[in-house]
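*Asks:* Residue numbers (full-length UniProt numbering): 1 to 522.
Here it is, the structure, as structure tokens.
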């Protein structure tokens, strides 16, 4: 009894500390958010000039990360919204809406009156009602110089049948944040975590909110049990049994003045209704078996076949006193909630005659494009060397070792811990973080994201797909030459931000420290 009382007191103390920190962050960030509201209002004025829906066939979207890629519930279409792009000096934010027609392999830009303000690191969830609805909550906007941040707490719905945006106003919802996660659960949207950052302070969340899609009301859930610590950029997915799984994520804390320490979480929790009641929830710690991903941030998540959760890419940062070096990934994992087990996704490779052909082609990048993207290797790790020529002619070389299927200390004989079999090296998305993922008709689509080469951030606009039924080889739908991407060196001069199309919004925790916010699903 005494121990329980102490535990409850400790819990209440932690809540008070978090409340004080939130108040402190809120006070310091209020001024800078007020400054940014004027810039947001300026862009909304420009958007207000749209008076009709205009659909324009277009080339593939420009490079971006921390956008959302969603599946249309009735059509063979993918919906891309928002995102950011950093060119070395400024980050451009977007509120553009693109539709990718899978069967026609064609993109369309859809301009709709009164869209949500420009943002990145938001969350988007599709529900089938009324011909399909795309619900968007939160996200981040920032000043062009990347030093001031504005975190949204607004909720929008895109009615897919009529192509109209609607802002849904309801009190009692989550505070402004980005890097949170949101899923559709029955007739509710369930939201978890995220973070809020100002120039001097930041706070991470582990609160849970529910939005009722029938009554359009928010409610804050107070689950019993011990749940995840505050974090952003985690995996959040629905289980076939009706629970919600939270895995991994990123957070940081200040260890001393101007020194922060980041944490890549690798724990897993299950949130589910207690005794079948939708008004009472409980947290349970989970210990899945199998081959789980190495700790990382900036990974992307999508629901795959048989209610399995697909996990792709990410970055593992090595934080040192003066530098931050990251190892990027392009590996695949699957989490099977029914078996509470992780599986490593391995490609079988194409048929024998195609294997020889691809092996011949695989050697080309050494004498061809120096930034060519390649897939995972086979028997031994494959070293991919990427070279980037900077504006002054300096050649920056980045080496990445891609783990072979069944490597990393995992015995290949454990067939049940891998989906597919080891095959020959195949083309596919290069290692990256903050990519956008979607699965339609059993096919995985990977779009965009970023990787780093020296001090340069390369933002991607390529599109790849993988048949999850066959697990044979990646298919590239949109290629990209990273060498052709503009990169501007930092300057000390402050330029007028009004002349750029977007505003800086990307140097949030995820990009500075570990590239950890995903849209995705950051």
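Here a beta-carbon is modelled for each residue, glycine too, at the ideal position from N, C-alpha and C.
Please state if the CB of residue 126 and the CB of residue 70 are separated by a distance shorter than 9 Å.
*Replies:* The count along the chain shown starts at 1 and reaches residue 70 at position 70. The count along the chain shown starts at 1 and reaches residue 126 at position 126. In this structure, residue 126 lies closer than 9 Å to residue 70 by Cβ.
*Asks:* Is the beta carbon of residue 112 closer than 9 Å to that of residue 40?
*Replies:* Along the chain shown, one-based indexing puts residue 40 at 40. Along the chain shown, one-based indexing puts residue 112 at 112. Not closer than 9 Å, so no.
*Asks:* Rounded to a whole number of angstroms, what is the C-alpha to C-alpha distance between residue 443 and residue 305?
*Replies:* Along the chain shown, read from residue 1 onward, the residue named residue 443 stands at position 443. Along the chain shown, read from residue 1 onward, the residue named residue 305 stands at position 305. Between residue 443 and residue 305, the C-alpha separation is close to 9 Å.
*Asks:* Name the two residues that bound the continuous beta strand (DSSP E) containing residue 472.
*Replies:* Locating residue 472 in the chain shown gives position 472, where the first residue counts as 1. It is not in any beta strand (DSSP E) - residue 472 carries neither H nor E in the DSSP assignment.
*Asks:* By DSSP's criteria, residue 181 is part of a beta bridge. Which residues make up the other side?
*Replies:* Start at 1 with the first residue of the chain shown, and residue 181 comes out as number 181. Answer by DSSP bridge pairing, in chain order: 192.
*Asks:* Looking at the secondary structure, which residues open and close the beta strand (DSSP E) in which residue 246 lies?
*Replies:* Counted from its first residue, the chain shown places residue 246 at position 246. Where residue 246 is concerned, the enclosing beta strand (DSSP E) stretches over 244–256.
*Asks:* Is the beta carbon of residue 337 closer than 9 Å to that of residue 239?
*Replies:* Taking the first residue of the chain shown as position 1, residue 239 is located at position 239. Taking the first residue of the chain shown as position 1, residue 337 is located at position 337. In this structure, residue 337 lies closer than 9 Å to residue 239 by Cβ.
*Asks:* Could you tell me the distance, in whole angstroms, from the CA atom of residue 79 to the CA atom of residue 99?
*Replies:* Along the chain shown, one-based indexing puts residue 79 at 79. Along the chain shown, one-based indexing puts residue 99 at 99. Looking at the two C-alpha atoms, the distance is approximately 5 Å.
*Asks:* Give the DSSP-derived three-state secondary structure of residue 53 in the structure shown.
*Replies:* Taking the first residue of the chain shown as 1, we reach residue 53 at position 53. Of the three classes helix, strand and coil, the one that applies to residue 53 here is coil, per DSSP.
*Asks:* Should residue 102 and residue 181 be called a contact, given that it needs their Cβ atoms to be closer than 9 Å?
*Replies:* The residue labelled residue 102 in the question sits at position 102 within the chain shown. The residue labelled residue 181 in the question sits at position 181 within the chain shown. No. Outside cutoff.
*Asks:* Considering Cα atoms alone, identify which of 467, 430, 50, 456 is closest to residue 438.
*Replies:* The residue given as residue 438 occupies position 438 in the chain shown. Checking every option, the nearest Cα to that of residue 438 belongs to 467.
*Asks:* Quick check on this structure: which residue in 475, 120, 195 has the alpha carbon closest to the alpha carbon of residue 347?
*Replies:* Translated into positions along the chain shown, residue 347 becomes position 347. Nearest of 475, 120, 195 to residue 347, Cα basis: 475.
*Asks:* Given residue 252, which residues of its chain have a CB within under 8 Å of its CB, disregarding the five upstream and five downstream residues?
*Replies:* Locating residue 252 in the chain shown gives position 252, counting from the first residue. Correct list, in chain order: 202, 204, 260, 261, 262, 263, 509, 513.
*Asks:* Can you list, in chain order, the stretches of the beta strand (DSSP E) that have 3 or more residues and sit fully within the region 280–345?
*Replies:* Entirely contained in the region 280–345, the beta strand (DSSP E) runs reaching 3 residues are, in chain order, 300–303, 309–319, 324–336, 341–345.
*Asks:* Out of 327, 445, 481, state which residue places its alpha-carbon closest to the alpha-carbon of residue 454.
*Replies:* For the purposes of this step, residue 454 is identified with residue 454 of the chain shown, where counting begins at 1. When only C-alpha atoms are compared, the closest one is 327.
*Asks:* Which residues bound the beta strand (DSSP E) around residue 112?
*Replies:* One-based indexing of the chain shown puts residue 112 at position 112. Neither: residue 112 is in no beta strand (DSSP E) and is coded neither H nor E.
*Asks:* What residue ranges within the region 76–147 form continuous beta strand (DSSP E) runs of no fewer than 3 residues, ordered along the chain?
*Replies:* Entirely contained in the region 76–147, the beta strand (DSSP E) runs reaching 3 residues are, in chain order, 77–81, 84–86, 91–93, 97–101, 106–111, 123–127, 133–137, 140–142.
*Asks:* Using the C-alpha atoms, what's the distance from residue 477 back to residue 194?
*Replies:* The count along the chain shown starts at 1 and reaches residue 194 at position 194. The count along the chain shown starts at 1 and reaches residue 477 at position 477. Going by the C-alpha atoms only, they are around 32 Å apart.
*Asks:* Distance check for residue 106 and residue 224, CA to CA, integer angstroms please.
*Replies:* On the chain shown, residue 224 is found 224 positions in, with the first residue counted as 1. On the chain shown, residue 106 is found 106 positions in, with the first residue counted as 1. Looking at the two C-alpha atoms, the distance is approximately 48 Å.
*Asks:* Hey, quick one: how far does the beta strand (DSSP E) through residue 237 stretch, first residue to last?
*Replies:* Translated into positions along the chain shown, residue 237 becomes position 237. Looking at the DSSP string, the run of the beta strand (DSSP E) that includes residue 237 is 235–238.
*Asks:* Only counting the same chain, and skipping five residues up and downstream in sequence, which positions put a Cβ closer than 6 Å to that of residue 59?
*Replies:* Locating residue 59 in the chain shown gives position 59, counting from the first residue. If we look at residue 59 and ignore the five residues flanking it on each side, it has no Cβ neighbours.
*Asks:* Tell me the DSSP bridge mates of residue 450?
*Replies:* As a working mapping, residue 450 is identified with position 450 in the chain shown. According to DSSP, which records beta bridges pairwise, residue 450 is partnered with 433, 459.
*Asks:* How should residue 77 be labelled, buried or exposed, when 16 other C-beta atoms within 10 angstroms of its C-beta is the threshold for buried?
*Replies:* Working through the chain shown from its first residue, we reach residue 77 at position 77. Buried, because 16 or more other Cβ atoms sit within 10 Å of the Cβ of residue 77.
*Asks:* So, under 8 Å CB-CB, residue 120 and residue 97 are touching, yes? Tell me the CB distance rounded to an integer number of Å.
*Replies:* Here residue 120 refers to the residue found at position 120 of the chain shown. Here residue 97 refers to the residue found at position 97 of the chain shown. Going by Cβ atoms, the distance from residue 120 to residue 97 rounds to 14 Å, so no, they are not a contact pair.
*Asks:* Put residue 160 into one of helix, strand or coil per three-state DSSP.
*Replies:* Within the chain shown, numbered from 1, the residue matching residue 160 stands at position 160. Reduced to three states, the DSSP call for residue 160 is coil.
*Asks:* Just reading off the beta strand (DSSP E) that residue 198 is part of, what are its end residues?
*Replies:* Mapped onto the chain shown, residue 198 falls at position 198. No beta strand (DSSP E) holds residue 198; DSSP gives it neither H nor E.
*Asks:* When you measure from the CB of residue 293 to every non-hydrogen atom of the ligand NAD, does any distance come out below 8 Å?
*Replies:* Ligands are entirely absent from the displayed structure, and the ligand NAD is therefore not among its contents.
*Asks:* Three-state secondary structure (DSSP) at residue 151?
*Replies:* For the purposes of this step, residue 151 is taken as the residue at position 151 of the chain shown. Residue state, collapsed to three classes: strand.
*Asks:* Kindly list the residues whose CB is nearer than 6 Å to the CB of residue 108, restricted to its own chain and excluding five residues on each side of it in sequence; keep chain order.
*Replies:* Within the chain shown, the letter at position 108 stands for residue 108. These residues qualify, in order along the chain: 55, 57, 99.
*Asks:* What distance in whole Å lies between the Cβ atoms of residue 301 and residue 235, which are believed to be in contact at a cut-off of 8 Å?
*Replies:* Here residue 235 refers to the residue found at position 235 of the chain shown. Here residue 301 refers to the residue found at position 301 of the chain shown. About 5 Å; that satisfies the 8 Å criterion.
*Asks:* Is the CB-CB distance between residue 340 and residue 303 below 9 Å?
*Replies:* By 1-based counting over the chain shown, the position of residue 340 is 340. By 1-based counting over the chain shown, the position of residue 303 is 303. Going by C-beta atoms, residue 340 is not nearer than 9 Å to residue 303.
*Asks:* Can you check whether the CB of residue 279 is closer than 9 Å to the CB of residue 297?
*Replies:* As a first step, residue 297 is located in the chain shown; it is residue number 297 there, counting from the start. As a first step, residue 279 is located in the chain shown; it is residue number 279 there, counting from the start. No, these two residues do not count as a Cβ contact at 9 Å.
*Asks:* Judging by CA-CA distance, which residue of 350, 294, 185 is the nearest neighbour of residue 342?
*Replies:* Taking the first residue of the chain shown as position 1, residue 342 is located at position 342. Residue 342 has its Cα closest to that of 294, out of 350, 294, 185.
*Asks:* Let me know if residue 473 comes out buried or exposed under the rule of 16 or more other beta-carbons within 10 Å of its beta-carbon.
*Replies:* To locate residue 473, count along the chain shown from 1; it is residue 473. Looking at its Cβ environment, which holds 16 or more other Cβ atoms inside 10 Å, residue 473 is buried.
*Asks:* Across which residues does DSSP place residue 439 in a beta bridge pair?
*Replies:* Taking the chain shown and counting its residues from 1, the one referred to as residue 439 is at position 439. Answer is 444.
*Asks:* With distances taken Cα to Cα, identify the nearest neighbour of residue 197 among 446, 269, 149.
*Replies:* Taking the chain shown and counting its residues from 1, the one referred to as residue 197 is at position 197. For residue 197, the nearest C-alpha among the options comes from 149.
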